[in-house]
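Peer 1: Read in the working numbering, the sequence shown has 193 at position 70, and its numbers run on one by one without any break. We put the CB at the ideal spot given by N, CA and C, even for glycine. The structure displayed is predicted, hence computed values, not measured ones.
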Amino acid sequence: MRDRSQEILDGLNEIFRFLGVYGGIITIDEDWDFSLYVHDEGIWNELESGEYEIEMASSTGINGDHVVDPLFWIVVKFDEAHEKVVSAKATGYRSEWPGGWMEIDKDNNVYDDTGVEHMEGELEERLCSYLETITKFRPYLRNPVSVERFDQCS
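Below you can see the structure in the form of structure tokens.
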């Protein structure tokens, strides 16, 4: 069995090594934009001392609408130097597409227009898959068209 917690830390740290600890926006040829925002005040989560909330997403415009697929909310803690993520907990997921949507809460309850279903481990599994796509399969960290790095928390 894979250690999803370590996969999440490894993926986030690889992205932060590339973008910096405040996140940023990466564009690549013929694909959706990748964005990572770091908040020092929780927008969707109550934060404890030393915690930060991350919003990480792929987004594009479709027929004039801004669409995200996926969007994750993650609560993280950094090391003392604020250079490396030492803990991470996915707290939410949203996916949109023309004609539909899906959300997953921190308890792995999956919501869509047909109702709600509990799927144990779904949130972490989707986050691991997404991090692997960004860090290994797509050229966001290897061959970006443009990179905007943030210099402070948003």
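For residue 145, which of helix, strand or coil comes out of DSSP?
Peer 2: The residue you call residue 145 lines up with position 22 of the sequence shown. Correct three-state label for residue 145: coil.
Peer 1: Evaluate the contact criterion for the region 130-143 versus the region 193-211: three or more CB pairs, one atom per stretch, below 8 angstroms.
Peer 2: Output reads yes: the region 193-211 touches the region 130-143.
Peer 1: Less than 7 angstroms between the beta carbons of residue 226 and residue 198, yes or no?
Peer 2: Your numbering for residue 226 matches position 103 in the sequence shown. Your numbering for residue 198 matches position 75 in the sequence shown. In this structure, residue 198 does not lie closer than 7 angstroms to residue 226 by Cβ.
Peer 1: Where does the unbroken beta strand (DSSP E) through residue 217 begin, and where does it stop?
Peer 2: The residue labelled residue 217 in the question sits at position 94 within the sequence shown. 208-220 is the extent of the beta strand (DSSP E) around residue 217.
Peer 1: Across which residues does DSSP place residue 159 in a beta bridge pair?
Peer 2: On the sequence shown, residue 159 is found 36 positions in, with the first residue counted as 1. Answer by DSSP bridge pairing, in chain order: 147 and 179.
Peer 1: When the Cα of residue 153 is compared with those of 172, 269, 255 and 277, which residue comes out closest?
Peer 2: Along the sequence shown, one-based indexing puts residue 153 at 30. Minimum Cα distance to residue 153 is reached at 269.
Peer 1: By the three-class DSSP mapping on this structure, what secondary structure does residue 232 have?
Peer 2: Locating residue 232 in the sequence shown gives position 109, where the first residue counts as 1. Note: residue 232 maps to strand in three-state DSSP.
Peer 1: What three-state label does DSSP hand residue 123 in the structure shown?
Peer 2: One cannot answer for residue 123 here, as it falls past the ends of the chain, which runs 124 to 277.
Peer 1: Taking DSSP as the reference, what is the three-state secondary structure of residue 170?
Peer 2: Your numbering for residue 170 matches position 47 in the sequence shown. The answer is coil: DSSP assigns residue 170 none of H, G, I, E or B.
Peer 1: How big is the Cα-Cα spacing for residue 177 and residue 161?
Peer 2: Working through the sequence shown from its first residue, we reach residue 177 at position 54. Working through the sequence shown from its first residue, we reach residue 161 at position 38. Their Cα atoms are separated by approximately 5 angstroms.
Peer 1: Taking the beta strand (DSSP E) that residue 271 belongs to, which residues open and close that run?
Peer 2: Residue 271 sits at position 148 when you count from the first residue of the sequence shown. Residue 271 -> beta strand (DSSP E) spans 269-272.
Peer 1: Can you tell which of 262, 274, 277 and 276 has its C-alpha closest to the C-alpha of residue 157?
Peer 2: Within the sequence shown, the letter at position 34 stands for residue 157. Among 262, 274, 277 and 276, the Cα nearest to that of residue 157 is on 262.
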